[in-house]
Structure formats: C-alpha cells, structure tokens
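Numbering (our numbering), first residue to last: 12 to 287. Each residue gets a CB set at the ideal place from its N, CA and C atoms; glycine is no exception. A quick note: this is a predicted structure, and the numbers were derived from the prediction, not measured. Take a look at the structure set out below.
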Amino acid sequence: MNTTIKKKYNAKVLLFGEYTIIDGGSALSVPFSEFSGHWCELEGRSLIPFFNHLKSIKKSNQEKLDSAINNNWTFCSNIPIGYGCGSSGALTAAAYESFFDQEANTLKDEKVALAEIENFFHGQSSGLDPLVSLKNKPILVNDRSISTVGLTSLNMAFFLVDSKRKRKTSDLVKVYNQKKAESATFRENIETLNKHNDQAISALLCGDKSNLLECFRKISQIQWEYFQEMIPDNIKPIWIKGLETKAYYIKLSGAGGGGFFLGIGNYNGESIQLDF
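As structure tokens, then:
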C-alpha cells in the first residue's frame, strides 16, 4: 500500500549568514517549494531508528509513534540529500507536527524542540532548518532574536547553480574553524563579511535593490578570496566570470563544498530560479 499523507514540508535555502552565524552573525533562510517531502505509507523504507529516537524524547506521543511504525510510515521526499536544502529539516518538521504536543509558545521554544529532534541526523542541530520548513516562512535569526519576516519583491533574479555533488558540512566547518584560529587576516575578513551579510539582509528586507546588489558583490568577492576550499572546481569559472563581468554574482548557500550555490543577476547558464 502506498497512501500519500497530504501535508508537504518544503526545503529551505540559506540566503545569507553561512559560517558567520557560528560567531553570532545574522542569518536569513527561506522556504524553497521546488523540493518538498511528506509522510506516506510504504513498506520496505523503515524509519524505525528515527522513530525510536523520537520515542526517547519526553514530550513525544508514544501512541501516535506506535501507530506510524505499525502502518509503515516513511518520508517521501525529493529534497536532495547533502545539498544543504534541509532534507533532514523537512522530516524533522513533519515529525514535530505529527508526534509532539504543540506546547511551544515562541519561535525560540520551537527551534529548541526541533533541534532536539534533528540531533538524530547531525549530532548538534541549530533547529533553524526545520523551523523554516515548519513555518513555511522566511526566518531571520541572530544571537539575540528570531523572527519570521516578509520579503519585498525587488524584481531581481535570484537563482541556484547546481554543483552536481554532495558535501559534508562538518568537514567544511572544521576547515573554517581552523582558518579562523590560525589567520588574523581571515578573522578580520570574517568580521567584514559579517557586516556585509547584515547589510544585505537589511537591504533585502527594506527593498533596497542597489544596496543589496552591492553587498552581494562584496560577499562574493570575500568568499572567492578566503573560502576557496568551499568552492568546487566546476563552480569556480562561473563564480569568477560573474565578478569580472558584473552581470551576476555567486556566493555560498550554506556550507559550500557542493550542493547549490546562490546567485543574483543575469546568468544565462543552467540554474533554478528562486522565488520568494
């Protein structure tokens, strides 16, 4: 039997804040309806280890979990794994909404609850990815606050370029932390990058097209100079061409190293348009 359970949980795209969020910088993440997942009943694709993890969390509904296991619930998804699109976040959001009493009163509380669920996949989750999938709204977060936001239509072409390869975020974060520990110049540029990220987010939220494009260019330039390990060889020619021609700009979307890369401007190559 293959019975679809209707509600879909969308993927996400991190627009701004990769790496700098580790040090308290702002991050803006948006739902991405191009990819999604939903519960379905399908024999032979067991999520029992994940369900057992859910059972170990105090506020889970044991009766609902037992029913899901008995009815061969699994998560049918086209969200690419290892691409930074929140494949585990979408599943986490679905699990939270299906098997937990909705007692959290704030976004912060929900983020904490979601992180505990997603720890099954990542060891230490921030809870941001599943929160975006759960709310299906753009989420702005920093070390002081978290909120849903509305995005102004700027009539600007945001797009995603597929590197055609997966990445392992934990390895790339280790590279970032090592560079930060060993290089004063790298640390200084991270501070500058953090400022550009904040300015880009502010420009996007208030509809300042010109400033957004300039901040995007600055982010692209710094990441090109200091994040080479995070840029796959097949993306490098596209990236540098954008900086040279100024027709478009490319930046990381999340950890880099693989998955999708975020662009803005007039790019004629193969890409996926990103609509807010």
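Query, Result
"Let me make sure I understand the geometry here. Which of 99, 230, 197 and 88 has the alpha-carbon closest to that of residue 209?", "230"
"Assign residue 284 to one of three DSSP states: helix, strand, or coil.", "strand"
"Residue range of the alpha helix (DSSP H) that residue 237 falls in?", "220–237"
"What would DSSP say about residue 80, mapped onto helix, strand or coil?", "helix"
"Per DSSP, what are the beta-bridge partners of residue 273 in this structure?", "171 and 262"
"How about residue 223 and residue 235: do their beta carbons lie closer than 8 Å?", "no"
"Rounded to whole angstroms, what is the Cα-Cα separation between residue 119 and residue 153?", "11 Å"
"Need the endpoints of the beta strand (DSSP E) that residue 20 sits in, please.", "20–27"
"Hey, out of 132, 29 and 80, whose CA is closest to residue 110's CA?", "80"
"What are the partner residues of residue 151, as DSSP defines its beta bridges?", "39 and 158"
"Alpha carbon to alpha carbon, how far is residue 173 from residue 114? Give it in angstroms, no decimals.", "39 Å"
"Are residue 143 and residue 40 touching if we call contact CB-CB under 8 Å?", "yes"
"Could you check whether residue 151 and residue 201 sit closer than 8 Å to each other, using their CB atoms as the reference points?", "no"
"Suppose you measure from the CA of residue 108 to the CA of residue 43; what does that come to, to the nearest Å?", "19 Å"
"Going by beta-carbon coordinates alone, are residue 157 and residue 204 separated by less than 8 Å?", "no"
"Comparing C-alpha positions only, which one of 227, 263 and 28 sits nearest to residue 139?", "28"
"What are the boundary residues of the alpha helix (DSSP H) that residue 140 is part of?", "139–146"
"Can you tell me which of 159, 37 and 51 puts its alpha carbon nearest to the alpha carbon of residue 82?", "51"
"So, for residue 127: in the same chain, excluding its five sequence neighbours on each side, which residues have a beta-carbon less than 7 Å away from its beta-carbon?", "68"
"Counting beta carbon pairs with one atom in the stretch 273–281 and one in the stretch 167–185, are three or more of them shorter than 8 Å?", "yes"
"Can you check which of these residues, 165, 145, 190 and 268, is closest to residue 285 by C-alpha distance?", "165"
"So, under 8 Å CB-CB, residue 19 and residue 49 are touching, yes? Tell me the CB distance rounded to an integer number of Å.", "5 Å"
"Residue 37 to residue 155, Cα distance in whole Å?", "9 Å"
"Which residues in the same chain as residue 14 place their Cβ atom closer than 6 Å to its Cβ, once the five residues preceding and following it in sequence are excluded?", "Unreliable placement is indicated for residue 14, whose pLDDT of 48 sits below 50; the coordinate value is still reported in the next sentence. Excluding sequence neighbours, residue 14 sits near 52."
"As a quick exercise: from 112, 32 and 264, pick the residue whose alpha carbon is nearest that of residue 73.", "112"
"With burial defined as no fewer than 16 other Cβ atoms inside 10 Å of the residue's Cβ, what is the status of residue 85: buried or exposed?", "buried"
"Using DSSP bridges, identify the partner residues of residue 110.", "Paired residues: none, contrary to the question."
"Spatial neighbours of residue 12 within its chain, please: CB distance less than 7 Å, with the 5 preceding and 5 following residues excluded, ordered by chain position.", "Confidence in residue 12 is poor, its pLDDT being 40 and thus under 50, which makes the residue's placement unreliable; the coordinate value appears in the next sentence. Around residue 12: 52."
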